[in-house]
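A.B. asks: Under the working numbering, the first residue of the sequence shown carries the number 20, and numbering increases by one thereafter.
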Amino acid sequence: MLTSCGIYNFTGANTEAETISIQNFYNDADGGPPDMAQLFTNQLTDYFQQNTNLTKVEDVCELQIDGVVSSFRLAPVAPTATGNDLVGDAAALTRLTINVEVSYVNTTDETFSFENKSFSFFEDFDNSQNITAIEAELLNRIFEQIILDIFNATVANW
Numbered sequence: 020m021l022t023s024c025g026i027y028n029f030t031g032a033n034t035e036a037e038t039i040s041i042q043n044f045y046n047d048a049d050g051g052p053p054d055m056a057q058l059f060t061n062q063l064t065d066y067f068q069q070n071t072n073l074t075k076v077e078d079v080c081e082l083q084i085d086g087v088v089s090s091f092r093l094a095p096v097a098p099t100a101t102g103n104d105l106v107g108d109a110a111a112l113t114r115l116t117i118n119v120e121v122s123y124v125n126t127t128d129e130t131f132s133f134e135n136k137s138f139s140f141f142e143d144f145d146n147s148q149n150i151t152a153i154e155a156e157l158l159n160r161i162f163e164q165i166i167l168d169i170f171n172a173t174v175a176n177w
């Protein structure tokens, strides 16, 4: 016989709430595609709708999420020597790091609420690749991890 404490499902969601509001995230990052925040909001909303039984509403509700995409950084990693005194050393890889700040209100249990919590992830790519050609793929992989982290910090209570 199965017994339980609280309301769980196979994705790990643990909440008694029935409704959620996910506001449009704002883009406060220098760089990146202009629709980056909207892409993130859409992916976050889709994830919650696919992995919980929560009903998305626009009005007052039990769970509320909002935030900003606060940074989009490209930084060289993995330096390589050119072996030529006339040509400077270069990086073989570049790291794209995205940071999202999230505020979460849980009206059913305020102890789980938080404000401006930072979630960040990165992907490295070879400098021989053009960033504009692979940017969408990198964003999707980074967003997937950040969204999983947000999900775990909110309704999964990890």
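Built from N, CA and C at the ideal position, the CB exists for glycine as well.
In terms of residue numbering, what span does the beta strand (DSSP E) encompassing Leu-167 cover?
C.D. replies: Per DSSP, Leu-167 belongs to no beta strand (DSSP E); it is in the alpha helix (DSSP H), 150-172.
A.B. asks: Spell out a yes or no on whether the segment 44-55 and the segment 66-81 are touching, meaning 3 or more CB-CB pairs, one atom from each, closer than 8 angstroms.
C.D. replies: No, the segment 44-55 is not in contact with the segment 66-81.
A.B. asks: Pull the bridge partners of Asp-143 from the DSSP assignment, please.
C.D. replies: Its beta-bridge partners are Arg-114.
A.B. asks: Would Ile-150 be called buried (16 or more neighbouring beta carbons within 10 Å of its own) or exposed?
C.D. replies: Exposed: under 16 other Cβ atoms inside 10 Å.
A.B. asks: Return helix, strand or coil for Asp-65, following the three-state DSSP convention.
C.D. replies: Asp-65: helix per DSSP, three-state reduction.
A.B. asks: Name the DSSP beta bridge partners of Ser-40, please?
C.D. replies: Answer by DSSP bridge pairing, in chain order: Gln-83.
A.B. asks: Taking the straight line between their C-alpha atoms, what separation do you get for Asn-118 and Ser-90?
C.D. replies: Going from the Cα of Asn-118 to the Cα of Ser-90 covers about 5 angstroms.
A.B. asks: Quick check on this structure: which residue in Ala-36, Tyr-66, Thr-38 and Arg-92 has the alpha carbon closest to the alpha carbon of Asp-49?
C.D. replies: The shortest C-alpha separation from Asp-49 is found at Arg-92.
A.B. asks: Opposite Asn-125 in the DSSP bridges: which residues?
C.D. replies: The partner list for Asn-125 (beta bridge, DSSP) reads Leu-82.
A.B. asks: Relative to the C-alpha of Leu-157, which candidate in Thr-38, Ile-39, Glu-35 and Gly-51 has its C-alpha closest?
C.D. replies: When each option's Cα is compared against that of Leu-157, the closest is Gly-51.
A.B. asks: Just tell me which of Phe-67, Glu-81 and Thr-116 has its CA closest to the CA of Phe-138.
C.D. replies: Of Phe-67, Glu-81 and Thr-116, the residue nearest in Cα terms is Thr-116.
A.B. asks: Give me the Cα-Cα distance between Ala-109 and Val-96, rounded to the nearest whole angstrom.
C.D. replies: Cα-Cα distance, rounded: 9 angstroms.
A.B. asks: How many angstroms separate the CA atom of Asp-65 from the CA atom of Ser-147?
C.D. replies: About 33 angstroms.
A.B. asks: Mind checking who Pro-95 pairs with in its DSSP beta bridge?
C.D. replies: The partner list for Pro-95 (beta bridge, DSSP) reads Thr-113.
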